[in-house]
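Report on the structure given below.
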Amino acid sequence: MTAELASIIDFIRYGASRFSAAGLTFGHSHDNPIDEATHLVLASLHLPPDIPPAYGASKLTAEERVRVLNLIERRVNERLPVAYLVGETWFAGLKFKSDRRALVPRSPIAELIESGFTPWLDGRHVERALDLCTGSGCIGIAMAEYNPHWHVDIVDISDDALSLARENVAFQHVVDRVDVVRSDLFAGLKGRKYDLIVSNPPYVTEDEYAALPGEYSHEPKLGLTSGEDGLDICLRMLDEAAEHLTADGLLIVEVGESEHALNALLPEVPFVWIEFKVGPMGVFALERRELIEHADAIRAAATARRAR
């Protein structure tokens, strides 16, 4: 049957059909089978995602056909994210290496980076920024690419994730502006202060993790889960961030569905939940002065969490 497939568009259509029929889950950079199949086919052929439509009629060689079909079947049978199968994905318009050492790059924060963090950074002077819980390095590296005058630290506790992040720093040619630091949140950053701290930390609850589709089982659990309500790491971050922010510093953190639990736990804290093109996505912004103003409530919640 597959002998009838010849062109790039043939294989994209075939892959999308296979993915739909298999009931795959799409949550790693793409939300539909056509985009997923396009990523797989083009990346396996070493072609960019913005290839002109005319190339869709190009025919694959025999070797290319075998390679693409094998990847399609692995996606179906092993439930591996496409980014892991082809070793790359795109974030904020930039290509990143991707494998099992870190989560597949994905976050609505990409939209903030591409828009210059407007209006959040409008009128602010930024020299140093921090990407906390960096994983593959995608957020911090993208911030450095879009803001050549920034110096960015990217931080993680996972040696595996940091090895991938270092490869991506070199791949994007930002070695002179991005430092890779191993640290348990702020523990290894003593004396460092930032005008902007951005984080997409683990925030999946234990119950949510148990119910995740098979695609997520290939990602490191360390990068996904954060206690019963998904807030263990976020609370530590809130408790310690003010010490590492400059006077007018800003903290931006993604907590996904744990937004509701955070609001219930700290109702007095004036979290600003950012609206994206597709709507709210569980990303908040807080000023340093607000962290200080509500430090007692935050400290009490974080201390209670540590005492469990």
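Per the numbering used here, the sequence shown starts with residue 14, numbered consecutively.
Yeah, the Cβ is synthetic: ideal placement off N, Cα and C, and Gly gets one too.
Check, Outcome
"When DSSP builds the beta bridges, which residues end up paired with Ser212?", "Leu145, Val266"
"What does DSSP give as the partner residues of Pro20 in its beta bridges?", "The question names Pro, but residue 20 in the sequence shown is Ser. Per DSSP, Lys72."
"Pick helix, strand or coil for Gly153, following the three-state DSSP scheme.", "helix"
"How long is the line joining the alpha carbons of Ile170 and Ala115, rounded to whole angstroms?", "11 Å"
"For Tyr68, count the other beta carbons within 10 Å of its own beta carbon; 16 or more makes it buried, fewer makes it exposed. Which is it?", "exposed"
"Which of the three DSSP states is assigned to His257 in this structure?", "helix"
"Compare the beta carbon distance of Leu264 and Leu299 with 7 Å and say whether it is the shorter of the two.", "yes"
"Do the CB positions of Tyr222 and Val268 come within less than 7 Å of each other?", "no"
"Hey, out of Lys108, Ser30, Ser20, Arg26, whose CA is closest to Ala56's CA?", "Lys108"
"Just to confirm, is the Cβ distance from Ala254 to Leu304 under 7 Å?", "yes"
"Would Arg301 and Leu248 qualify as a contact pair, given that the criterion is a beta-carbon distance under 7 Å?", "no"
"Where in the stretch 78-102 do unbroken runs of the beta strand (DSSP E), each at least 3 residues long, occur, reported from the N-terminal end onward?", "none"
"Can you check whether the CB of Ile21 is closer than 7 Å to the CB of Thr51?", "no"
"Put Lys206 into one of helix, strand or coil per three-state DSSP.", "coil"
"Any idea what DSSP makes of Ala274, helix, strand or coil?", "helix"
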